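I have placed the structure first, in the form of structure tokens, so that the comments after it can refer back to it.
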Amino acid sequence: MTTRPIIQIAGVMDQREAFMLCDSGATHIGFPMRLAHHQEDLPDRQARDIIGSLPAGVSKVLITYLRLPAEIVELARYLGVDTVQIHSNPTRDDLAELRKWAPDLQIIRSLIVGEVDPADLAQEARSQSELVDFFLTDTYDPETGARGATGKTHDWAVSRFLASRAGRPLILAGGLNATNVRRAIFEVAPAGVDAHTGVEGPDGRKNRQLVEAFIREAQLGFQGGAP
């Protein structure tokens, strides 16, 4: 498992955008597919072509709301990713089956803050910790029912609580951008951070200046720079 801080950018519209994220210093690039509340950025074939063109040093992440292990593995193999990020609230049995069928894939299991009691979320995480590589905290939007990709922050104290009890490294997501990511790292002490809408321009595409500023601020935060 990697020990470098994770800086993940999620959501890619085309190959040029993906290369820009790599050039800007992203360690992980997320491809949201099979979503519950949002439109997919790319058709499967185009996503596969982009993933196949990216450098080996960048992790390619399938972000999905699929639950059935067979469906997750099938899509992951088709796309050629090395990591799956699961937002579907999988059971322990789901994760065990996924790990059995695809032991080479890294698994990021999302923990949605604001949906259930933090103590219950921590207990659930501990019960699944040996079956995943990372946990990721993201925001629940009660207005839409969206579990992630809301553009909204959550109570970082909950993420810090989960980071101390989950039993695996934690990636922080939810409304992060260049103006708040260093403070978020200071308050939560995560193993990584994730941005999606916080680095997009009005047209919904990733903005190079916003991406570079986010990555720069995240790197400073992981180096211990004061917020």
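Residue numbers (the numbering used here): 3 to 229.
Ideal Cβ placement from N, Cα and C applies to all residues, glycine included.
Keep in mind it's a predicted model, so treat the numbers as computed, not measured.
For the 9 Å CB-CB criterion, Ile-217 and Gly-194 do not form a contact. Look at the region 170–198 and you find these whole runs of beta strand (DSSP E), each 3 residues long or longer: 172–174, 194–197. DSSP places Met-22 in the helix class (H, G or I) of the three-state scheme. In this structure, DSSP gives Leu-64 an extended state, which the three-state scheme calls strand. Judged by beta-carbon spacing, Ser-61 lies within the 9 Å limit of Thr-29, meaning their Cβ atoms are closer than that value. Each of Gln-221, Asp-96, Gly-206, Gln-211 was checked against the Cα of Asp-196, and the nearest Cα belongs to Gln-221. Distance between Glu-145 and Pro-105, taken at the CA atoms: about 37 Å. Here Lys-102 is exposed: its Cβ has fewer than 16 other Cβ atoms, across all protein chains shown, within 10 Å. For Gln-130, the secondary structure class from DSSP, reduced to helix, strand or coil, is helix.
If you draw a straight line from the Cα of Gly-206 to the Cα of Ile-11, it is about 14 Å long. The beta carbon of Glu-99 is closer than 6 Å to those of Pro-71 in its chain, skipping five residues each way along the sequence.
Between the alpha carbons of Gly-153 and Thr-199 lies a distance of about 6 Å. A direct Cα-Cα distance of roughly 20 Å separates Gln-17 from Pro-204. In the three-state scheme derived from DSSP, where H, G and I count as helix and E and B as strand, Leu-37 is classed as coil. In this structure, the straight-line span from the alpha carbon of Asp-95 to that of Glu-73 is close to 15 Å.
By the criterion of a C-beta distance shorter than 7 Å, Trp-158 is surrounded in its chain by Ala-186, Glu-189, Val-190, once the five residues flanking it on both sides are discounted. Annotation for Leu-70: no beta strand (DSSP E) segment contains it, and DSSP assigns it neither H nor E. Note that the C-beta distance between Val-118 and Leu-164 is not below 9 Å. Leaving aside the five residues that flank Thr-85 on each side, the residues in its chain whose CB is nearer than 6 Å to its CB run, in chain order, Ser-61, Val-63, Gln-108. For Leu-138, there is no enclosing alpha helix (DSSP H); the residue is found in the beta strand (DSSP E) stretching over 136–141. Comparing alpha-carbon positions, the option among Leu-133, Thr-66, Gln-125 lying closest to Gly-13 turns out to be Thr-66. Here Pro-192 is buried: its Cβ has 16 or more other Cβ atoms, across all protein chains shown, within 10 Å. At the C-beta level, Leu-77 and Arg-36 come within 9 Å of one another.
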